[in-house]
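**Q** This is the structure I have questions about; it appears just below.
In UniProt numbering, the protein residues as written are 1 to 118.
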């Protein structure tokens with residue numbers, strides 16, 4: 001991958017009940033995280049929690065990808081559509097239809113270095 005080919009960040013966000021944080025994190029480790037990391041072209045992922053202070057917690061997932069083709073292997077042909085798992089209805093208070101994709105134009109995590117070395 002050359003410096004001119006941008007990496008892609010995929011971002012999804014929703015809300016859960018704060019009391020469900022521990023169970024939800026455990027659930028996502030075995031579903032979404034395994035799927036992200038098991039898809040060729042995925043460069044890593046993170047899950048973020050933000051306590052809203054009202055009994056709800058915002059949850060976001062960020063994943064880094066080599067290309068939109070790599071994302072297609074994870075998400076299917078409609079890459080803009082959010083991907084959900086069987087137990088999501090148990091935790092999620094809302095299920096947005098779509099995700100965001102961002103071109104990474106400045107990168108300081110060492111992702112490009114890792115790509116060049118692999």
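Think of the CB as a built atom: it goes at the ideal place given N, C-alpha and C, for glycine as much as any other residue.
Out of 63, 104, 9, 58, state which residue places its alpha-carbon closest to the alpha-carbon of residue 38.
**A** For residue 38, the nearest C-alpha among the options comes from 63.
**Q** Between residue 126 and residue 20, what straight-line distance do the alpha-carbon atoms span, to the nearest angstrom?
**A** The first residue shown for the chain is 1 and the last is 118, placing residue 126 beyond what the model contains.
**Q** Assign residue 34 to one of three DSSP states: helix, strand, or coil.
**A** Of the three classes helix, strand and coil, the one that applies to residue 34 here is helix, per DSSP.
**Q** Going by DSSP, what residues sit across from residue 59 in a beta bridge?
**A** In the DSSP output, where bridge partners are listed per residue, residue 59 has 14, 49.
**Q** Using DSSP's beta-bridge definition, name the partner residues of residue 7.
**A** Looking at the DSSP assignment, residue 7 forms a beta bridge with 104.
**Q** With DSSP run on the structure shown, which of helix, strand or coil describes residue 81?
**A** Residue 81: strand per DSSP, three-state reduction.
**Q** Within 8 Å, do at least three Cβ pairs link the segment 12 to 26 to the segment 52 to 63?
**A** Short answer: they touch.
**Q** Rounded to whole angstroms, how far is the Cβ of residue 99 from the Cβ of residue 80, which I believe are closer than 8 Å?
**A** Correct: roughly 7 Å between the Cβ atoms.
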